[in-house]
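Numbered by this note's numbering, the letters in the sequence shown go through residues 17 to 124 in order. Ideal Cβ positions, reconstructed from N, Cα and C, are used throughout, including at glycine. Right, one structure below, let's go through it.
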Amino acid sequence: MTARLGLVKQMVEQNRAGEAPAELDRIARAMPANATAALRGSLEEVRGDVFNARGQHEKALGAFLRALRLVPDEPGAGERRAYLGSRIAQVYINIDNAAKGSTPPAAR
17 MTARLGLVKQ MVEQNRAGEA PAELDRIARA MPANATAALR GSLEEVRGDV FNARGQHEKA
77 LGAFLRALRL VPDEPGAGER RAYLGSRIAQ VYINIDNAAK GSTPPAAR
């Protein structure tokens with residue numbers, strides 16, 4: 017599942033975000049009902065990147081916020097929260113400058 021999410025992230029980085037929603041839908045349908053919060057959060061993060069790259073900023077913001085809510089409230093989760101906060105900030109930058117487009121997510 018995470019490998020497939022990685023492939024979708026590559027699509028975004030290769031400016032092929034138009035192909036990504038169909039693959040995300042397939043991944044979401046294949047995700048088990050008992051999927052971990054981390055896996056569900058990763059799906060929402062990638063969904064946010066796809067929406068952001070496609071200029072669908074409100075949907076991107078919603079996806080990143082859902083991912084943020086899935087981060088466990090435990091020590092060590094601060095880095096993940098900070099990363100998602102940076103993705104949310106990028107959405108707001110892109111909203112203010114639609115011609116700028118999306119900056120690909122940094123490697124973690």
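**Prompt:** Touching or not, the stretch 55-72 and the stretch 31-38, by the rule of three or more beta carbon pairs under 8 Å?
**Reply:** yes
**Prompt:** Taking DSSP as the reference, what is the three-state secondary structure of Thr18?
**Reply:** helix
**For Tyr99, the nearest candidate out of Asp112, Leu81 and Asn113 (CA to CA)** = Leu81
**Request:** Have a look at Ala76 and Gln26 and give me their C-alpha separation to the nearest angstrom.
**Result:** 17 Å
**Prompt:** If you compare alpha carbons, which of Ala51, Ser58, Glu61 and Leu21 is closest to Arg42?
**Reply:** Leu21
**Asked** Is DSSP giving Pro48 helix, strand or coil here?
**Response** coil
**Prompt:** Could you give the distance in angstroms between the alpha-carbon of Asp89 and the alpha-carbon of Ala83?
**Reply:** 13 Å
**Member of Asp112, Ser102, Asn113 and Ala19 whose CA lies at the smallest distance from the CA of Gly64** = Ser102
**Request:** Take Ile111 and list the residues in its own chain whose beta-carbon comes closer than 7 Å to its own, dropping the five residues that flank it on each side.
**Result:** His73
**Nearest residue (CA-CA) to Glu39, options Ala53, Thr52 and Leu23** = Leu23
**Asked** Can the beta-carbon of Gly57 be found closer than 8 Å to that of Val28?
**Response** no
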